[in-house]
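Working notes, beginning with the structure itself.
Residue numbers (my numbering): 3 to 779.
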């Protein structure tokens, strides 16, 4: 009995410990942990991550153990040594040193998953150390660095050791402080794909699971690990570590970056500056522009450069089918931002999260989300160091209440890059490629040919060019190590890449050159003066204080190369070519036709310099004063939209409109006045020399017998260019009909074609065009 009592006594004594044990066992282990900076700035502790002691106990990890840390949903991570944090550290926070965050480019606010590692990494044979300043360390620093690495224990490429005291090269002088970075470890060929067995994963699978590390971790052993110094400031490219996105890696957005920095960095780091003047700092920035122009890349650069707590909000992770849960998640994000100031809230594709409440597609759920977002943005207050940055390519689709001062105060447009911006972007990508033979003039030439290209298109162009190199070297059975990207690779790749700014309306125009058009020398010369000159030398017009012509009207009999000339213009000028077709414009719904006109002109402005070709313009711009009843309300509205776009409040810069018609008198006079279709070019039927030139071009591949082209050109007096081409086609067809194995075309074949040739140009038609030229020209 006493024995039982004595055995029971310890249980009674430990009864007081039960609440503590129960409390520890009841700790809810979060699925992922929020990345926060480590309070320990000592370089010796750079590979340590800190977790709350209760969390370590709950997940059965002892202090000093090795863990694998990776972003949520990403299997590739880093090796770290875990230590207990202060009891004041939140349960869902992991504290990571700045040097360790650089390895995987972890940002403050990233969600990390932790798993236990049982096996220890191998020892390093060689290790190479550089400095962020690019200075190569001297031999007197060897002992200091070796002692530091011995204390750190774990080494890996990309690991940065900040503020390390380095003895001076000259004895007696004060030591300097350098930021060291590990650039290479070992020389084993399989080191870069080092895999360490994860005990936790092994329990879940039969064959054993392995975790892959972004950077291969090794152990440093003083005395056996060879230490080398280098002047490199980045890890070797063979490790392919994730790189920090900085402003310097973004080309062509100098002004936009400046606007963004002033709108974000001041409120985050200098809020007192605004308080001094009694004003509120900007709270929100809206980035808008076409897809692929660099909006999301700018967000990443801001996150990396500002060293703020970063929270990303996107539709799929926020929207829930349960009532009120979406709003609750939004509030949680804003609460976390307030808790860990300075903080940046990123909202990518905000138009999907907060659409306009006036839209027919907006329901009750969307309206509640918008209302919650408005309330939360207003609730930040004037003293909060929180900035909301949103991005969209449809700024007019988001609720108008978000775009007032106090919410999204600043709006930064990330537009389609001009030639200088494209040149800057191209240079950045070519610096990464390194192995190319392009000269400065050739790079400028490529930049000038990429009208309408956004940053993503230029990146794709470079990737295609590299692929062309691989294919060429493979076809020629040559060594890939001696390969270079050439101008030819880029020119071939230009054919495959469509500019994003024009993908919806992009035209595969046939490759027609001025040399393909017989005669029409006056037309070619006028085209170059009126259209190519303003597009190629806009500075000259500014210098002389004159405005370039807005548009050109081509008129003349059918079949006289009006449309063919427009195609040649598109090819020869090298600018973006768009077209408007009447049947595609007219729509049975009220306002849709006008909207399509506005949209096409908007895209033409965005893709400037560009040529907008309107074939059979009389179908869209019919005379409103016509009493024949041909003019309808719909066509009048389309014409009004066309007039406003050509010469309205919004100026048409970098866009030349070319219209073609064979009925010029049926076009509304308002469309033909100066400031709209300024120049009227008569495309006359070909003269003798032009007809002869057309015949020579069309018969260049024919074997002719007894055919006098000079005589034939005289017989075709008054014919259009299309009729001359048709005659050659008929003669060839007649020869094949007589003999399917025919190799030549005879004079009699042309005589048969002449006998059946229908001439469409009459004297009355020529008189009609002459009268128009005298009255309007």
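Glycine residues also receive a C-beta, built at the ideal position from the N, C-alpha and C atoms. No experiment lies behind these values; they were computed from the predicted model shown.
Enclosing beta strand (DSSP E) for residue i [first to last residue]
i           : result
residue 180 : 178-187
residue 314 : 311-315
residue 681 : 681-684
residue 2   : Nothing about residue 2 can be reported from this structure: the residues present for the chain run from 3 to 779 only.
residue 662 : 657-663
residue 382 : Unbroken run through residue 382: none, as it is neither H nor E.
residue 82  : 80-86
Per-residue DSSP class, three states only, for residue i
i           : result
residue 197 : Since pLDDT at residue 197 reaches only 45, below the 50 mark, its modelled position is unreliable, and the value read off the structure follows with that caveat. Reduced to three states, the DSSP call for residue 197 is strand.
residue 617 : strand
residue 64  : coil
residue 468 : helix
residue 308 : helix
residue 350 : strand
residue 290 : strand
residue 217 : coil
residue 238 : coil
residue 653 : coil
residue 20  : The predicted model places residue 20 with a pLDDT of 43, which falls under 50 and marks its position as unreliable, so this point remains unresolved.
residue 128 : strand
residue 2   : Lying outside 3 to 779, the shown extent of the chain, residue 2 is not represented and no answer is given.
residue 438 : strand
residue 557 : strand
residue 648 : helix
residue 70  : strand
Residue environment, residue i, which counts as buried when at least 16 other CB atoms sit within 10 Å
i           : result
residue 745 : exposed
residue 723 : buried
residue 664 : buried
residue 751 : buried
residue 676 : exposed
residue 519 : buried
residue 348 : buried
residue 602 : buried
residue 308 : buried
residue 497 : exposed
residue 782 : The structure shown does not extend to residue 782, since the chain is modelled only from 3 through 779, so no value can be given for it.
residue 578 : buried
residue 375 : buried
residue 11  : Annotation note: pLDDT 44 at residue 11 (below 50); position unreliable, coordinate value reported separately. Residue 11 is exposed by the Cβ-count criterion.
residue 563 : buried
residue 272 : exposed
residue 290 : buried
residue 101 : buried
Interface flag, residue i vs chain B, CB-CB below 8 Å
i           : result
residue 755 : Chain labels in this structure do not include chain B; a single protein chain is all it has.
Whole-angstrom C-beta distance between residue j and residue i, which should lie under 8 Å
i           : j           : result
residue 684 : residue 615 : With a Cβ gap of about 18 Å, residue 684 and residue 615 do not count as contacting.
residue 1   : residue 346 : The requested residue 1 does not occur in the structure, where the chain is confined to residues 3 to 779.
residue 241 : residue 159 : 5 Å
residue 235 : residue 184 : So it is not a contact: roughly 12 Å between Cβ atoms.
residue 459 : residue 561 : Not confirmed; about 38 Å, so no contact.
residue 98  : residue 40  : 6 Å
residue 157 : residue 220 : 6 Å
residue 421 : residue 533 : At roughly 18 Å, the Cβ-Cβ gap does not stay under 8 Å, so residue 421 and residue 533 are not in contact.
residue 715 : residue 558 : Between residue 558 and residue 715 the Cβ distance is about 19 Å, and since that is not below 8 Å, they are no contact.
residue 554 : residue 657 : The pair is not a contact, with the Cβ atoms about 12 Å apart (cut-off 8 Å).
residue 356 : residue 371 : 6 Å
residue 719 : residue 694 : Rounded, the Cβ-Cβ distance is 12 Å, inconsistent with contact.
Distance cut-off 7 Å: residue i Cβ against heavy atoms of the ligand SAM
i           : result
residue 345 : The ligand SAM is not among the ligands present in this structure, which contains no ligands whatsoever.
Opening and closing residue of the alpha helix (DSSP H) in which residue i lies
i           : result
residue 275 : 273-278
residue 674 : 671-674
residue 524 : 523-529
residue 39  : Note, residue 39: premise wrong, no alpha helix (DSSP H); beta strand (DSSP E) at 35-39.
residue 582 : No alpha helix (DSSP H) contains residue 582, which is instead part of the beta strand (DSSP E) from 578-582.
residue 412 : Where residue 412 is concerned, there is no enclosing alpha helix (DSSP H), although the beta strand (DSSP E) it sits in stretches over 412-415.
- Query: Can at least three beta-carbon pairs, one atom from the stretch 721-729 and one from the stretch 526-541, be found at a separation below 8 Å?
  - Reply: Short answer: they don't touch.
- Task: Indicate whether the contact test is met: 3 or more Cβ pairs, each with one atom in the stretch 402-414 and one in the stretch 277-287, closer than 8 Å.
- Result: Segments in contact, yes.
- Query: If you pair each beta-carbon of the stretch 146-165 with each one of the stretch 231-251, do three or more pairs fall below 8 Å?
  - Reply: In short, these stretches touch, since the Cβ pair count reaches three.
- Message: So, does the stretch 156-172 touch the stretch 254-267, judging by three or more C-beta pairs under 8 Å?
- Response: Output reads no: the stretch 254-267 does not touch the stretch 156-172.
- Message: With a threshold of 8 Å, are at least 3 pairs of Cβ atoms found where one atom belongs to the stretch 668-675 and the other to the stretch 688-699?
- Response: These segments do not touch.
- Any 3 or more C-beta pairs closer than 8 Å across the stretch 319-329 and the stretch 134-145: Here the stretch 319-329 does not lie against the stretch 134-145, with fewer than 3 beta-carbon pairs under 8 Å apart.
- Count the C-beta pairs between the stretch 48-65 and the stretch 31-38 that are closer than 8 Å, then say yes if the count reaches three, no if not. Contact between the stretch 48-65 and the stretch 31-38 is present, because at least three Cβ pairs lie under 8 Å.
- Query: With contact counted as at least three CB pairs below 8 Å, one residue from each stretch, are the stretch 65-75 and the stretch 84-104 in contact?
  - Reply: Yes, the stretch 65-75 is in contact with the stretch 84-104.
- Task: Flag this pair as touching only if the stretch 485-496 and the stretch 448-463 have three or more C-beta atom pairs under 8 Å; answer yes or no.
- Result: Under the 8 Å Cβ criterion, the stretch 485-496 counts as touching the stretch 448-463, having at least three qualifying pairs.
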